[in-house]
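Data block below; observations after.
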Amino acid sequence: MAVEETFEQELHQAILLSKLAYEEQLVSAAKSEKEPESNKKSGKKSKKATMSLEQFNNMGSDTTTTTTTTTTTTATTTTATTTTQNTVSLPENSDTKSKELDTEFFERVEKETKEEITKEKEKDMLKARLNKIDDDITSAQLRVEVEKRDEIINKLKNQVENLKEELTQVKERNKKLYQILSHGEMKDKASVLAEVAKLQEIRDELTSEVASLHAQLEQERSKTRTSSTDTKPSKQTNKKRPASENA
């Protein structure tokens, strides 16, 4: 609104300046028109004065010349009167024309100023509408983007919920499997312990058998040793006997 007020003030100032300039032009034009008319009047009056001098110098000439001079003087006087009438009527016509031009000019200027003001207002309104349209478009675009993001967020939420459910199911399955495996491990451990006990019994039995066998072996060895010691002196006695017999 402040811009429109300043624009209107500037237009009013321009109109006033144009009025003053136009009035100055009219005054200068009226002066320029009056100057040649005054020159014409002075020239015609001088002609009339010369004719009167000729008439004064030719007082004793023929009547024909006097009549011609009188006719010329009357003609000049009539032309002078017509020119004066024309000069009198010219400023009136010029004033009326200037008034008409003044009214037309100022009406045209006011019309142009009003048109310019309306154009400026229309431009401002169009700019405001365009800005509003841009704002509406941007808001609509933002709404669309927000809706898209909301849809994506909802999809992600659903996926998260599904994953949570699957995770709980997997946890339950793992618990069940752990329980099953723990029971199986206990059973396996019991069977392994039983087998270990059996193996230990077998080992004890084997060790006892080995010990008995070792004792038997030692007995056999001792027997063989005693038998070997018994055989050696018998052999020596047998060797000595044939020598004595031969002697």
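If you're matching positions, the sequence shown starts at 1 in the UniProt record's numbering and goes up one per residue.
Each residue gets a CB set at the ideal place from its N, CA and C atoms; glycine is no exception.
Keep in mind that this is a model prediction, so the values were computed, not measured.
Residue from L17, Y178, A197 with nearest C-alpha to F106: Counting from 1 along the sequence shown, the entry for residue 106 is found at position 106. Comparing Cα-Cα distances from F106 to each of L17, Y178, A197, the minimum goes to L17.
Top-ranked residue by Cα proximity to E10, from D188, T113, K157: If you number the sequence shown from 1, residue 10 lands on position 10. For E10, the closest alpha carbon among the candidates D188, T113, K157 is that of T113.
Proximity winner among T118, I153, K111, E172, relative to I15 (alpha-carbon distances): Reading the sequence shown from its first residue, position 15 is the one you call residue 15. Ranking the options by Cα distance to I15, first place goes to K111.
Alpha-carbon spacing of I137 relative to L20, whole angstroms: Within the sequence shown, residue 137 is the residue found at index 137, counting from 1. Within the sequence shown, residue 20 is the residue found at index 20, counting from 1. For I137 and L20, the distance between alpha carbons rounds to 51 Å.
8 Å contact criterion, which E8 and I117 should meet: CB distance rounded: Residue 8 sits at position 8 when you count from the first residue of the sequence shown. Residue 117 sits at position 117 when you count from the first residue of the sequence shown. E8 to I117, Cβ: 6 Å. Contact.
Straight-line Cα distance separating V210 from E201: For the purposes of this step, residue 201 is taken as the residue at position 201 of the sequence shown. For the purposes of this step, residue 210 is taken as the residue at position 210 of the sequence shown. Pairing E201 with V210, the inter-Cα distance amounts to about 14 Å.
Q216 versus S227 - alpha carbon distance: Residue numbering aside, residue 216 sits at position 216 when the sequence shown is read from its first letter. Residue numbering aside, residue 227 sits at position 227 when the sequence shown is read from its first letter. Straight through space, the alpha carbons of S227 and Q216 are spaced by roughly 16 Å.
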